[in-house]
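To keep things clear, I will list the structure first and then write my remarks on it.
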Amino acid sequence: MNVLVINAGSSSLKYQLLNSKTQDVLAKGLCERIGIDGHIKHSPTGKPYYEAFTNMPTHAEAIQAALELLVDPEYGVISSISEIGAVGHRVLHGGEKFTAPSLVTNEVMEAIHDCIHLGPLHNPNNIIGILACQQVMPDVPMVAVFDTAFHQTMPPRAYTYALPYKFYEEDRVRRYGFHGSSYIYVSQRAAAMLGRENDPNLKLICCHLGNGSSIAAVQGGKSVDTSMGLTPLEGLPMGTRSGSIDPGIMEYLMYRRNLDIHEILDIMNKESGVLGISGVSSDFRDLEEAADQGNERARLAIECFAYSVKKYIGSFAASMGGVDAVVLTGGIGENSTAVRKAALSGLEFLGVKLDAEKLNTRGKELDISAPDATVKTLIVPTNEELVIAIATTKIVEEMQGKQA
């Protein structure tokens, strides 16, 4: 089955068309500047690359532009839209309602809408993406795949905050966690690399390190803890997000600088993290270049990030009673030698030791452990789109089987 995977942002829409059986990527692209002037980048496998400015007042026009390119004689990879069997949508927050992907129905759309207060920056855009696809492809089944679903296996001791319990009972305030599709893929690949598929005792610490970063403790293929919380703001310092801070800082700055809560949260989400520390960039490639040129704040930003990664690895190893492998993924985890070295050095007491030559590997699935390491370190490039495509195919085939 050909599955179109959609990841909708506020003014952008990423898409990828995959064959879920062969796992081949037929085409991928990005629609950006939606509602402004519209810009599309389209990369079809075996066909010429296409890029252009085109009118996209809404996400519906962006979807239409992508579909037209997918069937275009020169740039297309299918002959008709009827060759798309389903659409899989990445949805950030499903709260406690969803522990698995779900066929999009009116009830599911209402539930996603009800979670907007938990994912205010993402869920509205995810809804826009679903509605835009339904408008353009009304007869094609849609499936919602939730970032939070993977972490619903966490025990109460891991997801409960030390707040009055009524806030959980009445307002569902708890740790949810994110990057679920990424963790599904990399934990399964790591188990295969270790020859321990379906091993209930396999203990992994998976580090999804990118502009948005999180770490998950995964035991027997199930999430038992994670660094992100009620929202993606908790945990590691990220590109522009602060990560975990003393909550008293918020009140302190509100009074000191006459800011309201919305301004504070905007700063914590968009002006903090390694950008805030360095004053240079949220991109680690820029930070590493600046640090090499002697910029001390850029160096400090990298060190703060790596130090936080190291602390989470140590704490999750303690909480699971050991660890068999540390798994690195995401743009930074897959490519940054400097961050890997800074984050994992000093963990020899856990059994983590790196091969000096393999440490420099970029974007390739590889065991970079030293021969005498007792805890493996694995690089696994993530493939969230494939996870979404496979999950979407399963849901749709089950639906079609019932209808038959």
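Numbering (our numbering), first residue to last: 630 to 1033.
Just so it is clear, CB atoms sit at the ideal spot from N, CA and C, and this is done for glycine as well.
Computed from a predicted model, the values in this text were never measured in an experiment.
Thinking just about the alpha-carbon of each residue, which of L633, L1007, Y678 and K676 is nearest to the one in L642?
Residue L633 is the option with its Cα nearest to L642.
Using 8 Å as the cut-off, can you tell me whether the stretch 826-841 makes contact with the stretch 792-804, which would need three or more C-beta pairs spanning the two stretches below that distance?
At 8 Å Cβ cutoff, the stretches do not touch.
With DSSP as the reference, label R801 as helix, strand or coil.
R801 falls in the coil class under three-state DSSP.
Taking the alpha helix (DSSP H) that H742 falls in, what are its first and last residues?
Its alpha helix (DSSP H) spans residues N735 to D743.
What is the DSSP secondary structure of F945, counted as helix, strand or coil?
Here F945 sits in helix by DSSP.
In the DSSP output, which residue or residues are listed as bridge partners for H891?
None; H891 has no bridge partner.
By the 10 Å Cβ neighbour count, where 16 or more other Cβ atoms means buried, how is E1027 classified, buried or exposed?
Exposed, by the Cβ-count rule.
Just checking my contact of S842 with G959 at CB under 8 Å: how many whole Å lie between their CB atoms?
The Cβ separation is near 7 Å, so the contact holds.
What span of residues does the alpha helix (DSSP H) with P793 cover, start to end?
Premise fails: P793 is in no alpha helix (DSSP H) and is neither H nor E.
Contact defined as beta carbons within less than 8 Å: I believe D953 pairs with L823. What is the distance between those atoms, to the nearest angstrom?
Rounded, the Cβ-Cβ distance is 7 Å, consistent with contact.
Q781 by DSSP, collapsed to three states: which one?
Here Q781 sits in helix by DSSP.
Going by the CB atoms, is the gap between N631 and G717 shorter than 8 Å?
Cβ distance not < 8 Å, so G717 and N631 don't count as in contact.
Provide the residue span of the beta strand (DSSP E) that contains E661, from first to last.
Start and end: D653 to E661.
CA-CA distance, V1004 and K993?
Between V1004 and K993, the C-alpha separation is close to 19 Å.
Any idea what DSSP makes of N636, helix, strand or coil?
N636: strand per DSSP, three-state reduction.
With a threshold of 8 Å on Cβ separation, who are the neighbours of A740 within its own chain once the five nearest residues in sequence on each side are excluded?
Cβ within range, chain order: G723, G724, K726 and F727.
Go to V1093, then tell me how far its beta strand (DSSP E) extends in each direction, as first and last residue.
Because residue 1093 is not part of the residues shown, which for the chain are 630 to 1033, the question remains open.
Report the residue ranges of all alpha helix (DSSP H) runs contained in full by the stretch 906-976; include only those spanning at least 4 residues, in chain order.
Listed in chain order, the complete alpha helix (DSSP H) runs (minimum 4 residues) inside the stretch 906-976 are 913-921, 925-949, 959-964 and 966-973.
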